[in-house]
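Reading through the structure tokens given below for one structure.
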Amino acid sequence: MKNLIIVGAGGYGREAFTLAKNSIGYNTEFVVKGYLDSNLNALDDFEGYPPVLSTIEDYSIITDDVFICAIGDVQLRVKTVNEILSKGGEFTNLIHNSVYLGDNVTLGTGIFIAYDVVISNDTIIKDYVLINSRALIGHDCDIRKFTSIGVYAFIGGGVTIGEQSAIHANASIRNNVMIGSNANVGMGSVVIKDVESDSIVFGNPAKKIF
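Read in order, the letters of the sequence shown correspond to residues 552 to 761 in my numbering.
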């Protein structure tokens, strides 16, 4: 039995605990051990959660520890995951029981998928991707490392999303569009053409604003 440690004890981390209790493998492959967070008192005002065990810097990894990163900010998630990896930590996937996976879906490591997500056939989800509740990802997509996909986002078939990009809540992306690396697609945006790396787009249709 693995001991799951949730990295980040903020709002996302609290949601991750509830998700974990309703995820594939809970109480058969893993139990929740607790949290790592820079604020050791992050959960003092909340009841029913496992303890904050330590900061990342001070935690000593032991046999059977596995980790999931519950930090929404993409750049902070990259930094945090790399800190855990540098200490010899091992990441696992946290996938809610309600998630629908089509045939030939390929999943990487350290993936966090919330409830009622649909991922269609022949799509690739790479390492440390975070997919929020009720997102819909079409067939033949390529979702690259550290991407975040918001609630109710729609990703059409054949879409590629570059590393460390963020697709915010209720955004829609047309089939076969390429989203570059480190890009941000604003809340509710409708993307009908390729998005450059390191850019922010917003609106319907989405236009570059930065």
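Cβ coordinates follow ideal geometry from the N, Cα and C atoms, glycine included.
If you run the structure through DSSP and keep just helix, strand and coil, what is Ile675? strand
Would you list the one or two residues that DSSP bridges to Lys759? Val752
Please look up how many angstroms separate the CB atoms of Ser750 and Lys759, rounded, as I've assumed it's under 8 Å. 5 Å
Which word fits Thr579, buried or exposed, when buried means at least 16 other C-beta atoms lie within 10 angstroms of its C-beta? exposed
I want to know whether the region 595-609 touches the region 661-680 - three or more CB-CB distances under 8 Å. no
On the DSSP letters alone, give me the boundaries of the beta strand (DSSP E) that Phe618 sits inside. 616-620
Spatial neighbours of Asn727 within its chain, please: C-beta separation below 8 Å, excluding the five flanking residues on both sides. Gly707, Gly708, Gly709, Val710
For Lys553, list the residues DSSP reports as bridge partners. Phe581
Own chain partners of Glu762 with C-beta closer than 8 Å, once the 5 adjacent residues on each side are dropped: Residue coverage of the chain in this structure runs from 552 to 761, which leaves residue 762 outside it and unanswerable.
Proximal residues to Gly737 (C-beta, below 6 Å), its chain only, five neighbours per side dropped: His719, Phe753
Quick one: using the 10 Å Cβ neighbour count with 16 as the cut-off for buried, is Ile613 buried or exposed? exposed
Is any heavy atom in the ligand MN found nearer than 6 Å to the beta carbon of Arg695? The ligand MN is not among the ligands present in this structure, which contains no ligands whatsoever.
Quick check on DSSP: helix, strand or coil for Asn633? helix
Does Glu714 pass the burial test, meaning 16 or more other C-beta atoms within 10 Å, or should it be called exposed? buried
So, using beta-carbon positions, are Glu634 and Ile676 closer together than 7 Å? no
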